[in-house]
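So the structure is just underneath, and the comments pick up after that.
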Amino acid sequence: MDERLEATRQVSLTGGAGTLRWPRRPRTSRLFDFPAVNDGQPLRWNMTGSLLALVAKLFSGYTVRWIDCQPDTCQRVYFANHTSHLDAIVLWSALPHDVRSLTRPVAAKDYWESSPIRRHMARSLNALLIDRKEIKVHQSPVDLMLRAIGDTQSLIVFPEGGRNTSEELGSFKSGLYYLAKKRPELELVPVHMDNMNRVLPRGEYLPVPLLSCISFGAPIWLERGEPKVEFLKRARESVSRLKEL
Amino acid sequence: MDWKTFALVGGVLLLLSLASAICHFLKRQPEGGINPGLVRTLTLRIRAWWLMCSILGVAYLPLEMGKFTTVLIFGLVSFWALREFITLTPTRLGDHRSLFWVFFLFTPLQFVLVGMENYGLYSVLIPVYGFLFIPARIALAGDYQRFQERTATIQAGLMVCVYCFSYAPALLTLKLTDQTVSPARLLFFFVVIVEMSDAFAWACGKLFGRRVIAPEISSNRTWEGFIGGAACTTLLGTGLYWATPFNEWQAAGMSLIVSVMGSVGGLTMSAIKRDRGVRDYGTLTEGRVGVLDRIDSLCFAAPVFFHLTKVYFTDNL
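Chains as they are written, first to last, in the numbering used here: chain A, 1 to 245; chain B, 1001 to 1317.
Written out as structure tokens, the structure is:
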């Protein structure tokens, strides 16, 4: 644990994030390994979060591979291919507890606030809800995300935009580029989720419990002066490359 | 617990402990001249055997509890094996609903019926009703591409992983003519024979193997291993006849059939794996050996062993 914190501190020292703040220690229960939601509110046991993680694990039977990358509490943006409703929950639950409590999936506000159950689930996942309809000046989704994560939390994003129905990985939207441009020290970790489109494809509500595989790849950064199109292409390739490994 | 059960189970546990000890010793030899991959295979295999022993031990729980718990555990194993099988099957979006019912209706129902001892229904549930349901549901989904191929692969998965495998716990429901033999001991005998047949075939293949049966499918399944394994298994089965409802000759015949079915089953599943381009069914899950790799020979031998026993060694047909 302390080594990880030390590593985080190193990153924030050298990364030039601005403030030299000790990262908040992720709180976990002593009796059970329930992660506590770390959203600045009073400590509470995240029962729904643990339950969702367990159900996601049971239904998708995932194995996690860390290829040229290790789980760490330093600030990261996990970007993955998007084929299923379960993607965000599964990816979130595949992270170790201490990392998970500092990681927030980005999701659509209109969907996740449409019913009390969804709202509760979004809160348990510590989701960062973005309004797709109303985008104001200085309130662009990227700005909102960066403001929300401060200098401790990480993000899970799906840069393809919507869920993808075809086998092929869709082209990436530019949000990832602007995230990287505004905060160049964030580690951008490519994630490939295999078989999730068969567990719960688009338009289905009953899952088929096949085995899936989640691969985390080596982090990438925006190179100095790298054009947007080039960067997005490179990011997309870093995800699709993981399928072959 | 009578002395025969005690001797059979105790003997197996003793041998397993010995094997574990030898493996542990081999692992600690820095340069024993033995291939470390071989030791690793052995260790994994022995660990799987320990797990099987503990599962079969559950069958000895008192009253009906043993039967129900064993059926439940076999059901879970079967569910997992089917999961591995379907994961490596190239299904299409149109199969989704059909697969849902395969996993959550037919698989549990098969084992519920086995637990209820409803032979009339569980012997036809999958090969008749399941096999009619799958193509019908896929047709309803409206995707006709590779229709028969998709239907057949899902049917094959259900057949091998669920239907055939469910005959192993079904042994517990047999009312044997020889009342002194408990069904739990029969199941134990069956699993020991299948597993030892696998091990003998493997060992004979390693020692004397020269003529490969199907080089395209598997390079380490040889005629020498097949025949040597069957011979050794027959000897072992004959030696264990006192624990079964069979006499010496019947035990020898049963062991021979089980061994042949087991080898054929292993070869068949290898052919499917080769077709999908993987080495083990657990490939997707970090290259470990899958559940289906462990139970393939059991799946093929179980129905034959069950029916022969049911026809010739029980009162009611």
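For every residue, glycine included, the Cβ atom is placed at its ideal position computed from N, Cα and C.
In or out: B/Pro1183 buried (at least 16 other Cβ within 10 Å) or exposed?
buried
Could you give the DSSP three-state label for A/Ser105: helix, strand or coil?
Looking at the sequence itself, residue 105 of chain A is Pro, so the reference to Ser does not match. In the displayed model, A/Pro105 falls within a strand according to three-state DSSP.
By the three-class DSSP mapping on this structure, what secondary structure does A/Ser154 have?
strand
Name the residues in the segment 94 to 105 of chain A whose C-beta lies less than 8 angstroms from a C-beta of chain B; which are they?
Cβ contacts with chain B come from no residue of the segment 94 to 105 of chain A.
Could you confirm whether any beta carbon from chain A is found closer than 8 angstroms to the beta carbon of B/Leu1099?
True, the Cβ-Cβ gap to chain A drops below 8 angstroms.
Taking the continuous beta strand (DSSP E) assigned at A/Ile214, which residues delimit it?
213 to 216
I want to see whether chain B comes within less than 8 angstroms of A/Val208, judged by CB atoms only; does it?
yes
For B/Glu1084, which residues in chain A fall below 7 angstroms Cβ to Cβ?
Leu211
Give me the residue from B/Leu1292, B/Ile1295, B/Met1254 with the minimum Cα distance to B/Leu1308.
B/Met1254
Let's see if you can read the secondary structure: which residues bound the alpha helix (DSSP H) around B/Leu1186?
1183 to 1208
Would A/Pro201 count as contacting chain B if we go by Cβ distances under 8 angstroms?
yes
What's the gap between the Cα of B/Arg1097 and the Cα of B/Tyr1312?
41 angstroms
Determine, for B/Phe1106, whether the minimum Cβ-Cβ distance to residues of chain A falls below 8 angstroms.
no
Are there 16 or more other CB atoms within 10 angstroms of the CB of B/Asn1118, so buried, or fewer, so exposed?
exposed
Considering only their Cβ atoms, is the gap separating B/Ile1126 from B/Pro1181 smaller than 8 angstroms?
Correcting the residue type first, residue 1181 of chain B is Val in the shown sequence and not Pro. No, they are not a contact pair.
Could you check whether the Cβ of B/Phe1103 sits closer than 8 angstroms to any Cβ belonging to chain A?
yes
A/Arg183 touches chain B at which residues, Cβ-Cβ below 9 angstroms?
None at all; the shortest Cβ gap to chain B is about 33 angstroms.
Would you call the segment 1229 to 1243 of chain B in contact with the segment 1162 to 1179 of chain B, where contact means no fewer than 3 C-beta pairs closer than 8 angstroms?
no
Please work out which residues of its chain come closer than 8 angstroms, Cβ to Cβ, to B/Arg1146, disregarding the five sequence neighbours upstream and downstream, and give them in chain order.
Arg1092
Among residues of its own chain, excluding the 5 on either side of A/Asp131, which ones have a beta-carbon nearer than 6 angstroms to its beta-carbon?
Lys109
Are A/Ile220 and A/Pro190 closer than 8 angstroms when you measure CB to CB?
yes
For the beta strand (DSSP E) containing B/His1307, name the first residue and the last one.
Run containing B/His1307: none in the beta strand (DSSP E); it sits in the alpha helix (DSSP H), 1291 to 1313.
In this structure, does DSSP put B/Leu1051 in helix, strand or coil?
B/Leu1051 falls in the helix class under three-state DSSP.
Applying the criterion that 16 or more other CB atoms from any shown protein chain within 10 Å of the CB defines a buried residue, is A/Pro207 buried or exposed?
Within a 10 Å sphere around the beta-carbon of A/Pro207 sit 16 or more other beta-carbons, which makes this residue buried.
For the alpha helix (DSSP H) holding A/His85, just list the boundary residues, first then last.
Neither: A/His85 is in no alpha helix (DSSP H) and is coded neither H nor E.
Nearest CA to the CA of B/Glu1216: which residue from B/Trp1101, B/Leu1267, B/Gly1066?
B/Leu1267
Of all Cβ atoms in chain B, is any one closer than 8 angstroms to the Cβ of A/Asn195?
yes
Report the three-state DSSP secondary structure of A/Tyr78 (helix, strand or coil).
strand
With DSSP as the reference, identify every bridge partner of B/Arg1274, one or two as the case may be.
B/Arg1274 pairs with nothing; no bridge assigned.
Buried or exposed for B/Phe1025, going by 16 or more other Cβ atoms inside 10 Å?
exposed
A/Arg202 by DSSP, collapsed to three states: which one?
coil
Quick one: is A/Gly61 near chain B, going by C-beta distance under 8 angstroms?
Contacts with chain B at 8 angstroms (Cβ-Cβ) include A/Gly61.
Please confirm whether B/Leu1093 has its beta-carbon closer than 8 angstroms to some beta-carbon of chain A.
yes
Do A/Leu186 and A/Val77 have their CB atoms nearer than 8 angstroms?
Yes. Within cutoff.
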